[in-house]
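Colleague: I have a structure here, written as structure tokens, and I will follow up with some questions on it.
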Amino acid sequence: MSLSVNSISKAFGGVVALNNVSFSVEQGSIFGLIGPNGAGKTTLFNIIAGVFRPTAGSILMNGAHLEHEPNYLRIDRSIARTFQNIKLFHNLTVLQNIVIGMHTKLRRPLIESFFHTKRWRAEEAMARERAMEMLTAFGLADRKDLPARSLPYGEQRILEMTRALVTESKVLLLDEPAAGLNNVESGRLVDFIRMIRDKMGRTILLVEHDMNVVMKVCEKLVVLDHGEKIAEGEPKDIQKNRNVIEAYLGRKFANETEC
Amino acid sequence: MYLLLQQLINGLAVGGIYALIAIGYTMVYGILFFVNFAHGDIYMLGAFCAFFVFTFLGIEVTGGAITVSQFLIALIPSMLACAALGVVIERFAYRPIRNGSRLSAMISALGASIFLSNAATYLFGSQTKPMPKLFAGKYFTVGSATISYIQTAVLIVSLILMILLHIFIKHTKLGKAIRAVSDDQRAAVLMGIDMDMVISATFAIGSALAGAAGIMVGVYYASIYPTMGGIAGIKAFTAAILGGIGNIPGAMLGGILLGIIESLGGAYISFGYRDAIAFVVLIIALCAMPTGILGKGRS
Amino acid sequence: MLGLRKIYTVLTLAILTFVFFGLTSSIDAAETITLGWYGPTSGAAAQDGQEGRAGAELAVELVNASGGINGKQLVMIYADDKSDPKEGANIATMFVSNKDIIGVVGPFNSSVILAAAPIFNRGKLCDIGWGVTSPLITTAGEYIYRVAPTDAWEADFISKWIADEGYKKVAFLYENTDYGVGMRDVIRKSLPGYGCEIVFEEPYVQGQTKDFGSIIASLKQAAPDAVFMGAIYNEAALLMTQARDLGFNAPFFGTDGFFSAGLLDLGGGAVEGARCCSAFFTETASPVVREFIDAYVKKFDRTPGNWAAQSYDGVIAYVEALKKSGASTREEVKKALDALGPFEGATGINEFDENGDVRKDLVKLVVKEGKFALYD
Amino acid sequence: MNDKSIALFENVVTKYGWLLFIIIIILVPRFVISDYVVHVLVLIALYTILAESLNVLVGFTGQFSLGHAGFWAVGAYIAALLMLRAGFSFWTACVVSMAAGYLAGLFLGIPSMRLKGDYLCIVTLGFGEIVRILAMNLEVTRGPMGLPGIPSPEIGEFVFDTEKSMYYLCWAAAFLTIYATGRMRHSKFGRALMSVRDDELAAVSLGVNIAYYKVHAFGIGGMFAGLAGALYASWTTFISPDVFQFSDSANIFCMMILGGLGTIAGPVLGAFLLAGLPELLRGFAEFRLIALGLLMIALMIYRPGGILGSYDTAGGVKKIRRRRIEREADTNVT
């Protein structure tokens, strides 16, 4: 399994958001994408997730070109994502949200639901069982019949993550998962992400502002600034990298902390 | 060739009227994101207001004629009455559900429309009422195309009202507040803009313009009836969408365009299919420009 | 808020109200004769519907004042069909299932009676249309009659009049309804038959078209000697005013759709010289018509229009039939109507033919000094 | 009543509620002697089919459609013409008109892929008007003269020409529609529709092909409306363009909303209310329409989700603001 980004550029009208960014994500790693505001992180994230088409460059997943594929095929390419501000199906129950996550797994046609065939019932039962399994694993089982809108913020985040996991996609794209969490919750988030990678063998690519979450959980980092890649490597090297400090804190500060 | 000129003139005059009503739809949509179906009926009540002002002034409505001054005397009170009616409808039918969904606001608007047209039928009787004519019988000709004074008057009055509105929206404090609220409700309220007042003002302006359109149609066609609001409402709503809903110049452009499309389509293809042609053009335009000609990415 | 209980109550309540509704039937059936009347008292043709209802109300009042029918008082049940065929079917079923009703007068729109006809035929209940003029109704069923003259007959009458006046090139404008289209199909044969040529033909949308500018422009190009309009008075008045405004002065011909005070109110000076025909005319000598007009003016203090007279005659047809035969059941009423022969009403001498259509003579009218006058 | 019991209420009532309702419907003709009441109940059955099928579009998929009478007209005219001109039996004509409704739905679904909200609403309104105007002007449909003498359905010798026979046929079709939409709601297809309604971007990220489901929602809506059209044509034996006006589309839309958007029982109750009530109030001619207008306003103020609505339409406008904020956050160029 390999996800590689090759010289991706993106311009909205005259504004160049990304300029020739390339990197690749090894299987099973937790990969971080960071950079100051307006660096192009979210745009790159949305290009990988299929929301935007890049102006130039390509994205390869196991050798297959993704950049011009419609966004609903990402799941078939084993890429799932979450959203910065939670996008749940508010009027559907917690269980229904998860079952929709298995949309591409369910094969039985509509007619069979009309005639209530055995095969259809078996598939629905399997889907419910699988969903319940995931819900119990993440402690939401007792909420299964509640509409998603009535869950507290933290649980909605977990529900969205569970829904992304139930798609059994190899790669999980997390869009600022720590947004709005206090440090206790972000601590639990770090263990959660590690558990997904270790127990479920998923590859994680996340975009995040919260530096202590990034430094604790990410194994490799790419830093973007003004749409260009200015650094790549282990978190501890990145902390000391001159360009990164300059990008975040400005040249004067970078010179003073000459290390 | 003159036939084409004649049709264009007819189209422009009708277009001016659609534009005036369409502005009401667009202004309300710009702020509350729902389509005020009762707007067509306010246009009808504007025409009836003018009818009562004329009878009150003792003008002979049956086949009579009025001077420009009498027209203006009737115009002002009708516009004010419609403005007041617009505010009242907003206050009772829409304010309670302002935080409800657009769907329930739309149904409430449909309900208000059914109520208004049937109440008017009950109060004023269903008969088609005669209205005095403005510039009766006077017309000037360009080649074989004849342009009646009233057609040009309708166009001129529509343009003047549109320009006045444009100036109002661009340069007055209330105008800026309306634009601010339509752009971002939350931010506008944070800036201390009184939402209720702005929304009432929007309804007042939109309804006043619809009232003006009503009185002009009254004197142009010299007849009014309680159910005239329905069809005109749908046409004006189509014009507002064509121009790009939520955008005032778009409503003006959409109205004029729809008027021309209808009259050309009616003349050159077939009068029976006139409305169908207008809708086909609308659908094609929308597929090409999903948010209307001047519409921003609002949908 | 919601509860199981509430759901059941709401759904079952809706059903039970109907069950109750169905069981009730009107109370005193013995001493009265009950007829049904329906027409568009609201909706697009509300004005003609309300005029028709006024005519029927007047008929009931006059009949009851003069001792009713064979000693029994006449009771009329009114219903509004909003010119909608679906409502027509509902009302027809309502009348058929109300056992007291032995005859029905109505409606105004041809499409409504066509929707109601199968129900009346099945229920063996006679229905006399007071405003339906489409030729289709001739074959709408044996229980369907009408007092309004058919478009075919009027279109032919006017075509002959146009030819006699020596106009050769004729333009025909018609509303896009069964009334207008019915007439178009007739005049396409009748006008050439009388030696006239149709130089221009165009439909418009009844009730919606307000701006006739483009039609008038095409009219001026076709330059006909006369214009024949299959239209009712509001669009006719509008078109004539706009035509005069735009300098088009050919004479206008119309059928009974023209004949209404509304044409004079809306048209004003522009309708001067417009010619039409009508079965009913106020300034006639016949005492019966005079009596109707005076009673109408006394009750509603406005002169009756064509549709008031037709609706009045619809009721009179039953009254005459019942007086002659003493009928009191639906079958007897059917036989009585077939055997009725000529009867005099507000629109002169009426007589049903074997299809239930009516034969009555038409009067030529012209607008002179803002009033309808006999055309000699 | 908190959210927990709403979910409980959903599945309990569906089992027993419908059973009781079916029994009542079957028994009614036994007690009711007046054809008029049976006639009105048949009309309510047809409106139920129309409101349920519109519910698939608006309640499930969140796509505004004010042109549903257009599909009804397509079904009615196709069935009538096939029976009158081509001598089809009612049953084949009915199947063909359902297919025609489905195709018309797909045809109208194409713009729905690009357009949203009020833009789509005006296109569907335009579709309804275009269908009516075509019926009004085409020679084959005899324009405003309409199509009289449409034969009634037959099975062997038994002819469905009485009110009671059509009552059972129409209510059977209505229950078929209710069953189909109910089953659909709990299937993968239904869940996909509802995910499109709640949040398109999230649905896409889970592999839901938005365009496919939007278009097919229109197709299914059109199919059942075509069924209602075929039944209506052979029930009244005469159809004309003025039977399928914009006011009818608005009427069907209101039935679905007043009953309860997105629920299954809602449209049924809405059909009873808006088709039944005016008949009850037939005595007070003008006032019934004035009362209807006020009823609609009042209901939207006190029951925004409709009488049976558990669908949180109250969150509607909040959703709008949230969606706009998200859009700004999602696509701001950082």
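Those sequence lines, one after another, are chains A, B, C and D. The C-terminal residue of the first sequence carries number 259 in my numbering, and the numbering is unbroken. The C-terminal residue of the second sequence carries number 558 in my numbering, and the numbering is unbroken. The C-terminal residue of the third sequence carries number 934 in my numbering, and the numbering is unbroken. The C-terminal residue of the fourth sequence carries number 1268 in my numbering, and the numbering is unbroken. All C-beta atoms, glycine included, are put in the ideal place defined by N, C-alpha and C. Everything numeric in this text was worked out from a predicted model, so none of it was measured.
1. Distance cutoff 8 angstroms, beta carbons only. Does V539/B sit that close to anything in chain C?
2. For S1168/D, collect the residues of the same chain with a Cβ closer than 6 angstroms to its Cβ; drop the 5 residues on either side in sequence, then sort them by chain order.
3. Rounding to the nearest angstrom, what Cα-Cα distance links V539/B and I1064/D in this structure?
4. In the DSSP assignment, the beta strand (DSSP E) including E232/A goes from what residue to what residue?
5. From the DSSP secondary-structure annotation, give me the bridge partner or partners of Q1179/D.
6. So what's K397/B in DSSP terms, helix, strand or just coil?
7. Provide the residue span of the alpha helix (DSSP H) that contains K220/A, from first to last.
8. What does G1141/D touch in chain A if you count any residue whose Cβ is under 8 angstroms from its own?
9. In this structure, how does DSSP classify R107/A when only helix, strand and coil are distinguished?
10. Quick one: grab the DSSP three-state call for H425/B.
11. Between L173/A and I47/A, is the Cβ-Cβ spacing less than 8 angstroms?
12. Starting from P389/B, follow its DSSP beta bridges and name the residues at the other end.
13. Is the number of C-beta pairs between the stretch 161-168 of chain A and the stretch 128-146 of chain A that are closer than 8 angstroms three or more?
14. Looking at the strands, I want to know which residues DSSP matches up with Q631/C.
15. Shortest alpha-carbon distance to V312/B belongs to which of T326/B, D443/B, Y288/B, S337/B?
16. Can you tell me whether T431/B is buried or exposed? The criterion is at least 16 other CB atoms within 10 Å of its CB, across all chains shown.
17. So, helix, strand or coil for P1201/D, using DSSP?
18. Sort S1031/D, L1228/D, T995/D, R1048/D by Cα distance to R1119/D and report the nearest one.
19. Assuming D969/D is part of the beta strand (DSSP E), what are its boundary residues?
20. My parser needs the alpha helix (DSSP H) runs of 4 or more residues fully inside the stretch 487-521 of chain B; what are they?
21. Less than 8 angstroms separating the beta-carbons of R1004/D and F1041/D?
22. Of all the CB atoms in chain C, is at least one closer than 8 angstroms to the CB of Y480/B?
23. For T497/B versus L468/B, is the C-beta spacing smaller than 8 angstroms?
24. Would L1049/D be called buried (16 or more neighbouring beta carbons within 10 Å of its own) or exposed?
25. Nearest CA to the CA of E155/A: which residue from E256/A, V171/A, G180/A?
26. Roughly how many whole angstroms lie between the Cα atoms of D455/B and T1096/D?
27. Is the beta carbon of G32/A sitting closer than 8 angstroms to the one on L206/A?
28. Would L821/C pass as an interface residue toward chain D - the criterion being a Cβ-Cβ separation below 8 angstroms?
29. Once you ignore the five residues that flank G1153/D on each side, which residues in its own chain have a CB closer than 7 angstroms to its CB?
30. Since K170/A is in the alpha helix (DSSP H), which residue starts that stretch and which ends it?
31. Let me check understanding here. Comparing Cα to Cα, which of L923/C, K892/C, F930/C, G903/C lies closest to E912/C?
32. Quick check on R1131/D - is its C-beta less than 8 angstroms from some C-beta in chain B?
33. By how many angstroms is the C-alpha of S883/C removed from the C-alpha of S372/B?
34. Between which residues of its own chain and N628/C is the CB-CB distance below 8 angstroms, once the five residues before and five after are set aside?
35. For F1123/D, would you say it is in contact with chain A, using Cβ-to-Cβ distances shorter than 8 angstroms as the test?
36. Please name the residue or residues paired with Y703/C in a DSSP beta bridge.
Modeller: Reading off the structure:
1. no
2. If we look at S1168/D and ignore the five residues flanking it on each side, its Cβ neighbours are F1024, I1084, S1086, P1087.
3. 8 angstroms
4. 228-233
5. According to DSSP, which records beta bridges pairwise, Q1179/D is partnered with nothing at all.
6. coil
7. It is not in any alpha helix (DSSP H) - K220/A instead sits in the beta strand (DSSP E) that spans 220-225.
8. Y72, L73, R74, I75, D76, H103, T104, T167
9. coil
10. helix
11. At least 8 angstroms separates the beta-carbon of L173/A from that of I47/A.
12. DSSP output for P389/B lists S482/B as bridge partner(s).
13. yes
14. In DSSP, Q631/C forms a bridge with T590/C.
15. S337/B
16. exposed
17. helix
18. T995/D
19. Counting along the chain, D969/D falls outside any beta strand (DSSP E), though it belongs to the alpha helix (DSSP H) covering 969-989.
20. 487-502
21. Checking the sequence shown, residue 1004/D turns out to be Gly, not Arg. Their beta carbons are not under 8 angstroms apart, which means G1004/D does not touch F1041/D by this criterion.
22. yes
23. no
24. buried
25. G180/A
26. 57 angstroms
27. Annotated as proximal: G32/A and L206/A, with beta-carbon spacing under 8 angstroms.
28. no
29. Y1036, G1039, L1040, G1043
30. K170/A -> no alpha helix (DSSP H), and no H or E assigned at all.
31. K892/C
32. Closer than 8 angstroms: no.
33. 51 angstroms
34. L880, K881, G884
35. yes
36. Beta-bridge annotation (DSSP): Y703/C is paired with I686/C.
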